[in-house]
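Data block below; observations after.
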């Protein structure tokens, strides 16, 4: 158990819908990262937050957004869902969000878009 | 830009055999960090090891060992006396670039240990 929690574990929804994925980092970690894992693209970095502020953006679609709250938990919002958004979404956390950190991953949320 | 290549897509071994998973990386930075993660069938990503580019000392931890060679840009992972519980997808990842905060992952190697 990495100490990073993600809810829900599974999510099934329809195209065009909007969903919110939630992540709580390890105790003491200030930085949160979101990754998408799909069969064709592999593991891809989406976005990073550090202490409430957006720090880095990766291959995140405009239909997707995220935020980190004062209690440091983070939410990833996915809207106008398409079949291709079906994937495993991981949240990771680290102490400072620096290169010297190790990122610890949560168990993931498996999103299925029908 | 950075890149991680895991040329082995799938490997099958019989229990108790040794197995080496290959990882080759590309980066222009002189300071970088390499990682191995394990993803068992249950789906979570489990951190295994981290190496810094300035520390080429190889490491052994129980049945696991890692061989880091800057000259060939490789960071290989060996499991000795493999067990069925080692069956998983193993990912090599790279963290580099002064302005980069993201891990770049390889495509992963699926290891199946057959009893």
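Residue numbers (this note's numbering), protein chains in the order written: chain A, 20 to 133; chain B, 6 to 120.
Using N, Cα and C, we set each Cβ at its ideal position, and we do this for glycine too.
Relative to chain B, which residues along the region 72–93 of chain A have a C-beta separation below 8 Å, given in chain order? Residues passing the 8 Å Cβ filter: 74, 75 and 77.
State buried or exposed for residue 59 (chain B), treating a residue as buried only when at least 16 other CB atoms are found within 10 Å of its CB. The C-beta of residue 59 (chain B) has fewer than 16 other C-beta atoms within 10 Å across all chains shown, which makes the residue exposed.
Would a check of beta-carbon distances place residue 112 (chain B) closer than 8 Å to chain D? No chain D appears in this structure, whose protein chains are A and B.
Suppose only complete runs of 4+ residues qualify. What are the alpha helix (DSSP H) ranges in the region 17–49 of chain B, listed by chain order? Taking only runs of at least 4 residues, no alpha helix (DSSP H) segment lies wholly in the region 17–49 of chain B.
Neighbour list for residue 33 (chain B) in chain A, Cβ cutoff strictly below 8 Å: Ordered by position in chain A, no residue passes the 8 Å Cβ test against residue 33 (chain B), which lies about 14 Å from the chain.
Can you tell which of A:20, A:28 and A:22 has the C-alpha that lies nearest to the C-alpha of residue 127 (chain A)? The candidate whose alpha carbon is nearest that of residue 127 (chain A) is A:28.
Check whether the Cβ atoms of residue 117 (chain A) and residue 54 (chain A) lie closer than 8 Å to each other. It is not a contact, given that the beta carbons lie outside the stated cut-off.
For the ligand GTP, any of its heavy atoms closer than 7 Å to the Cβ of residue 93 (chain A)? As presented, the structure is devoid of all ligands, the ligand GTP included, so that no description of it is given.
When B:61, B:62, B:83 and B:35 are compared against residue 68 (chain B), the one with the closest alpha-carbon: Comparing Cα positions, the closest option is B:83.
Chain A within 8 Å of residue 38 (chain B), Cβ atoms only: Cβ-Cβ to chain A under 8 Å: yes for residue 38 (chain B).
Quick one: which residues of the region 93–112 of chain A get their C-beta closer than 9 Å to a C-beta of chain B? List them in chain order. The region 93–112 of chain A vs chain B, Cβ under 9 Å: 107, 109 and 111.
How is residue 102 (chain A) classed by DSSP in three states: helix, strand or coil? Looking at residue 102 (chain A) - three-state DSSP - the assignment turns out to be helix.
Is it true that the CB of residue 42 (chain B) sits closer than 8 Å to the CB of residue 86 (chain B)? No. Outside cutoff.
Cβ of residue 40 (chain A) less than 8 Å from any chain B Cβ? No - not a single Cβ of chain B is within 8 Å of the one on residue 40 (chain A).
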